[in-house]
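Undergrad: Before anything else, here's the structure in question.
In our numbering, the protein residues as written are 39 to 215.
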(Lines of atoms letter the chains of each structure in order from A and count residues from 1; the text may use other names and numbers.)
(Lines give C-alpha, C1' and ligand atoms only; values in the text may rest on other atoms or scores of the structure.)
Protein backbone atom coordinates (compact mmCIF):
# COMPACT_ATOMS: atom_id res chain seq x y z
CA UNK A 1 0.00 0.00 0.00
CA UNK A 2 1.40 3.40 -0.91
CA UNK A 3 2.21 5.95 1.77
CA UNK A 4 -0.56 8.26 0.46
CA UNK A 5 -3.18 5.56 1.03
CA UNK A 6 -1.75 4.84 4.48
CA UNK A 7 -1.89 8.55 5.36
CA UNK A 8 -5.52 8.76 4.20
CA UNK A 9 -6.43 5.64 6.22
CA UNK A 10 -4.71 7.00 9.34
CA UNK A 11 -6.39 10.40 9.05
CA UNK A 12 -9.82 8.74 8.65
CA UNK A 13 -9.16 6.64 11.76
CA UNK A 14 -8.08 9.74 13.70
CA UNK A 15 -11.26 11.59 12.66
CA UNK A 16 -13.41 8.65 13.78
CA UNK A 17 -11.67 8.54 17.16
CA UNK A 18 -12.17 12.29 17.63
CA UNK A 19 -15.84 12.01 16.67
CA UNK A 20 -16.71 8.89 18.69
CA UNK A 21 -14.04 8.92 21.36
CA UNK A 22 -11.59 6.17 22.16
CA UNK A 23 -12.61 2.69 23.28
CA UNK A 24 -11.56 3.49 26.83
CA UNK A 25 -13.64 6.69 26.94
CA UNK A 26 -16.84 4.97 25.80
CA UNK A 27 -17.43 3.58 29.29
CA UNK A 28 -16.47 6.77 31.15
CA UNK A 29 -20.04 7.94 31.67
CA UNK A 30 -21.48 4.59 32.67
CA UNK A 31 -21.49 2.72 35.94
CA UNK A 32 -18.16 1.16 35.03
CA UNK A 33 -16.44 4.53 34.86
CA UNK A 34 -18.00 5.82 38.09
CA UNK A 35 -15.11 4.70 40.29
CA UNK A 36 -11.85 6.57 40.07
CA UNK A 37 -9.11 4.19 39.07
CA UNK A 38 -5.41 4.60 39.81
CA UNK A 39 -3.45 5.78 36.77
CA UNK A 40 -1.65 2.47 36.31
CA UNK A 41 -4.72 0.25 36.57
CA UNK A 42 -6.26 0.93 33.17
CA UNK A 43 -4.52 0.19 29.93
CA UNK A 44 -5.97 0.11 26.47
CA UNK A 45 -3.71 -2.00 24.30
CA UNK A 46 -4.25 -2.74 20.66
CA UNK A 47 -2.21 -3.62 17.64
CA UNK A 48 -3.24 -3.22 14.04
CA UNK A 49 -1.28 -4.79 11.23
CA UNK A 50 -0.74 -2.73 8.12
CA UNK A 51 -3.45 -3.50 5.54
CA UNK A 52 -2.49 -6.02 2.90
CA UNK A 53 -2.98 -5.24 -0.77
CA UNK A 54 -5.14 -8.17 -1.84
CA UNK A 55 -5.52 -6.91 -5.42
CA UNK A 56 -2.07 -8.28 -6.28
CA UNK A 57 -2.95 -11.83 -5.40
CA UNK A 58 -6.53 -12.20 -6.58
CA UNK A 59 -9.10 -14.27 -4.72
CA UNK A 60 -8.17 -17.76 -3.61
CA UNK A 61 -10.70 -20.24 -4.90
CA UNK A 62 -11.03 -23.82 -3.77
CA UNK A 63 -12.29 -26.38 -6.20
CA UNK A 64 -15.54 -28.02 -5.10
CA UNK A 65 -14.79 -31.33 -3.43
CA UNK A 66 -18.34 -32.02 -2.31
CA UNK A 67 -16.85 -32.87 1.03
CA UNK A 68 -19.02 -31.46 3.78
CA UNK A 69 -16.87 -32.39 6.76
CA UNK A 70 -13.19 -32.38 7.65
CA UNK A 71 -11.02 -35.40 6.88
CA UNK A 72 -9.21 -34.82 10.18
CA UNK A 73 -10.94 -33.26 13.20
CA UNK A 74 -9.42 -30.24 14.93
CA UNK A 75 -7.05 -31.61 17.63
CA UNK A 76 -8.30 -29.69 20.68
CA UNK A 77 -6.07 -31.46 23.24
CA UNK A 78 -2.94 -30.89 21.14
CA UNK A 79 -3.79 -27.21 20.69
CA UNK A 80 -4.51 -26.81 24.43
CA UNK A 81 -1.07 -28.22 25.27
CA UNK A 82 0.47 -25.81 22.72
CA UNK A 83 -1.36 -22.93 24.39
CA UNK A 84 -0.14 -23.96 27.85
CA UNK A 85 3.50 -24.43 26.79
CA UNK A 86 3.62 -21.19 24.80
CA UNK A 87 1.94 -19.00 27.41
CA UNK A 88 4.05 -20.36 30.26
CA UNK A 89 7.21 -20.12 28.15
CA UNK A 90 6.68 -16.44 27.35
CA UNK A 91 5.08 -15.20 30.58
CA UNK A 92 6.18 -17.39 33.51
CA UNK A 93 8.61 -15.00 35.25
CA UNK A 94 7.52 -11.71 33.68
CA UNK A 95 6.19 -8.57 35.36
CA UNK A 96 3.37 -6.51 33.86
CA UNK A 97 4.63 -3.63 31.73
CA UNK A 98 2.09 -2.13 29.30
CA UNK A 99 4.41 -1.65 26.33
CA UNK A 100 6.02 -5.06 26.71
CA UNK A 101 2.58 -6.72 27.01
CA UNK A 102 1.40 -4.92 23.88
CA UNK A 103 4.26 -6.46 21.93
CA UNK A 104 3.82 -9.86 23.55
CA UNK A 105 0.14 -10.17 22.58
CA UNK A 106 1.18 -9.88 18.94
CA UNK A 107 4.21 -12.16 19.36
CA UNK A 108 2.31 -14.87 21.22
CA UNK A 109 -0.65 -14.83 18.83
CA UNK A 110 1.65 -15.05 15.79
CA UNK A 111 3.61 -17.89 17.40
CA UNK A 112 0.45 -19.82 18.30
CA UNK A 113 -1.02 -19.36 14.84
CA UNK A 114 2.19 -20.67 13.24
CA UNK A 115 2.23 -23.69 15.56
CA UNK A 116 -1.39 -24.58 14.76
CA UNK A 117 -0.81 -24.08 11.03
CA UNK A 118 2.15 -26.48 11.29
CA UNK A 119 -0.38 -29.19 12.18
CA UNK A 120 -1.54 -28.84 8.56
CA UNK A 121 -5.27 -29.07 9.12
CA UNK A 122 -6.77 -28.79 5.63
CA UNK A 123 -9.61 -26.30 5.12
CA UNK A 124 -9.54 -24.92 8.67
CA UNK A 125 -9.34 -21.18 9.19
CA UNK A 126 -7.31 -20.44 12.32
CA UNK A 127 -8.13 -17.44 14.51
CA UNK A 128 -5.99 -16.62 17.56
CA UNK A 129 -6.83 -14.05 20.26
CA UNK A 130 -4.53 -13.20 23.16
CA UNK A 131 -5.34 -10.84 26.04
CA UNK A 132 -2.77 -9.78 28.66
CA UNK A 133 -3.55 -7.52 31.63
CA UNK A 134 -2.30 -6.40 35.00
CA UNK A 135 -3.41 -8.58 37.89
CA UNK A 136 -5.13 -6.34 40.49
CA UNK A 137 -8.22 -8.25 41.67
CA UNK A 138 -10.33 -6.99 38.79
CA UNK A 139 -12.70 -9.00 36.64
CA UNK A 140 -12.55 -9.54 32.91
CA UNK A 141 -15.15 -10.97 30.57
CA UNK A 142 -14.16 -11.88 27.05
CA UNK A 143 -16.80 -12.89 24.53
CA UNK A 144 -17.08 -13.35 20.81
CA UNK A 145 -19.78 -14.08 18.27
CA UNK A 146 -19.70 -15.72 14.88
CA UNK A 147 -21.50 -18.18 12.67
CA UNK A 148 -20.63 -21.59 14.05
CA UNK A 149 -21.13 -25.15 12.88
CA UNK A 150 -20.89 -27.13 16.11
CA UNK A 151 -20.19 -30.39 14.27
CA UNK A 152 -17.01 -29.09 12.58
CA UNK A 153 -15.92 -25.82 14.23
CA UNK A 154 -14.22 -25.80 17.61
CA UNK A 155 -11.99 -23.83 19.93
CA UNK A 156 -9.34 -24.24 22.60
CA UNK A 157 -8.40 -21.79 25.34
CA UNK A 158 -5.94 -21.39 28.18
CA UNK A 159 -5.76 -18.94 31.07
CA UNK A 160 -2.46 -17.99 32.71
CA UNK A 161 -1.63 -16.05 35.88
CA UNK A 162 1.48 -15.14 37.77
CA UNK A 163 1.98 -12.64 40.59
CA UNK A 164 1.87 -9.63 38.26
CA UNK A 165 -0.24 -10.38 35.19
CA UNK A 166 -2.98 -12.52 33.71
CA UNK A 167 -3.36 -13.75 30.16
CA UNK A 168 -6.03 -15.52 28.18
CA UNK A 169 -5.49 -17.14 24.79
CA UNK A 170 -8.14 -18.56 22.49
CA UNK A 171 -7.66 -20.50 19.27
CA UNK A 172 -10.65 -21.00 17.00
CA UNK A 173 -10.66 -23.63 14.25
CA UNK A 174 -13.40 -22.82 11.75
CA UNK A 175 -13.95 -25.36 8.97
CA UNK A 176 -14.22 -23.92 5.47
CA UNK A 177 -16.54 -26.08 3.34
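From the three backbone atoms N, C-alpha and C, an ideal C-beta is built for every residue, glycine too.
Let's test the definition: count the other Cβ atoms within 10 Å of the Cβ of residue 162 and tell me whether it reaches 16, buried, or not, exposed.
TA: buried
Undergrad: Distance, Cα to Cα, residue 110 vs residue 207?
TA: 23 Å
Undergrad: Could you please give the first and the last residue of the uninterrupted beta strand (DSSP E) stretch that includes residue 208?
TA: Residues 203-213.
Undergrad: Whole angstroms is fine: what's the gap from residue 172's alpha carbon to residue 202's?
TA: 6 Å
Undergrad: Residue ranges of each alpha helix (DSSP H) run of no fewer than 4 residues wholly in the region 119-173, ordered along the chain?
TA: 136-155
Undergrad: Using only the alpha-carbon positions, how far apart do residue 117 and residue 127 sit?
TA: Straight-line Cα distance between these residues: approximately 15 Å.
Undergrad: For residue 68, I'd like the list of residues in its chain whose CB is within less than 8 Å of its CB, leaving aside the five on either flank, ordered along the chain.
TA: With a pLDDT of 43 at residue 68, under the threshold of 50, the predicted position of this residue should be treated as unreliable, and no value is reported.
Undergrad: Start and end of the beta strand (DSSP E) containing residue 197?
TA: 192-199
Undergrad: According to DSSP, is residue 175 part of a helix, a strand, or is it coil?
TA: Three-state result, residue 175: coil.
Undergrad: Would you decide whether residue 177 is buried or exposed? Buried here means 16 or more other CB atoms lie within 10 Å of its CB.
TA: Its Cβ having fewer than 16 others within 10 Å, residue 177 is exposed.
Undergrad: In this structure, how does DSSP classify residue 49 when only helix, strand and coil are distinguished?
TA: helix
Undergrad: Should residue 107 and residue 159 be called a contact, given that it needs their Cβ atoms to be closer than 8 Å?
TA: no
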